[in-house]
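Engineer: Quick note: the sequence shown, position 14, residue 13 per numbering that gives the first Met the number 0, numbers continuous. So that we are looking at the same thing, I have put the structure below in structure tokens.
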Amino acid sequence: MAQQGNFKSPARMGTLGGGASLSSSGSLSSGKPREEGIGGVDFERRSFLGKVVGGIGAAVAVSTLYPVISYIIPPANTAKSVNELVVGKAAEVPEKSGKIYQFNKDKVIVVNDNGRLTACSAVCTHLGCLVHWDNSLNLLACPCHGATYKQTGEIIAGPQPLPLPVFKVKVVGEDLVITKA
Ligand code: FES
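Quick look at the structure:
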């Protein structure tokens, strides 16, 4: 059985005040219009999802590229260069021995030859290997290609083109102090 009392025909709806009315095209003419395009696609929702996906993509790209870029472009070295530095204790270099210390960006070998302290670069001027003090021969020797230097850095023999750069060294109290020459 048809319910006739509550049925609202289009003609009757047009006469009702306050309610939504149908236009001739069949769409609602009052209330908040919904942005719908062709085929009922909700462009507002699609735009929101596009932004979310784009944001996630950007976050993934940044988290992937940041380590790569920071590897390629290392941070600037902010370490300050000093003229004089306490590198250790004098007792660390007993007689007839040598010990390598870091001094600013340089590796410096301090040699104690029977109480005579000297310091020069520990980096061989041939191809950059580290030299050591050979007490039996009383010289600095490079293990890579046989370069030899005097305790004070001058060339004795070998393929190296230059002597070892010299530094100053002194003992202050118990401390060993290296200074730029
Ligand atoms: S690097 Fe020292 S002799 Fe070659």
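The C-beta atom is built at its ideal place from N, Cα and C for all residues, glycine as well.
In this structure, how does DSSP classify LEU116 when only helix, strand and coil are distinguished?
Structural biologist: Here residue 116 is taken as the residue at index 117 of the sequence shown, counted from 1. In the structure shown, LEU116 sits in a strand (DSSP, three-state: E or B).
Engineer: So if DSSP puts ALA156 in a beta bridge, which residue, or which two residues, is it bridged to?
Structural biologist: Here residue 156 corresponds to residue number 157 of the sequence shown, with the count starting at 1. ALA156 pairs with THR147.
Engineer: Would you check if the distance between the CB atom of LEU64 and the CB atom of VAL176 is smaller than 9 angstroms?
Structural biologist: Here residue 64 refers to the residue found at position 65 when the sequence shown is read from its first residue. Here residue 176 refers to the residue found at position 177 when the sequence shown is read from its first residue. Cβ atoms of LEU64 and VAL176: not closer than 9 angstroms.
Engineer: My output table needs one value for GLU83: the three-state DSSP class, helix, strand or coil.
Structural biologist: As a first step, residue 83 must be located in the sequence shown, where it is residue number 84. Here GLU83 sits in strand by DSSP.
Engineer: Rounded to the nearest angstrom, what separates HIS125 and GLN159 at their Cα positions?
Structural biologist: Within the sequence shown, the letter at position 126 stands for residue 125. Within the sequence shown, the letter at position 160 stands for residue 159. Whole-angstrom Cα-Cα distance: 4 angstroms.
Engineer: Three or more C-beta pairs closer than 8 angstroms, one from the region 144-159 and one from the region 105-118: is that the case here?
Structural biologist: Yes, the region 144-159 is in contact with the region 105-118.
Engineer: Where does LYS50 fall in DSSP's three states?
Structural biologist: Indexing the sequence shown from 1 puts residue 50 at position 51. Three-state result, LYS50: helix.
Engineer: For VAL170, which option in SER46, SER135 and VAL92 has the closest C-alpha, if you only look at C-alpha atoms?
Structural biologist: If you number the sequence shown from 1, residue 170 lands on position 171. Measuring from the Cα of VAL170, the nearest candidate turns out to be VAL92.
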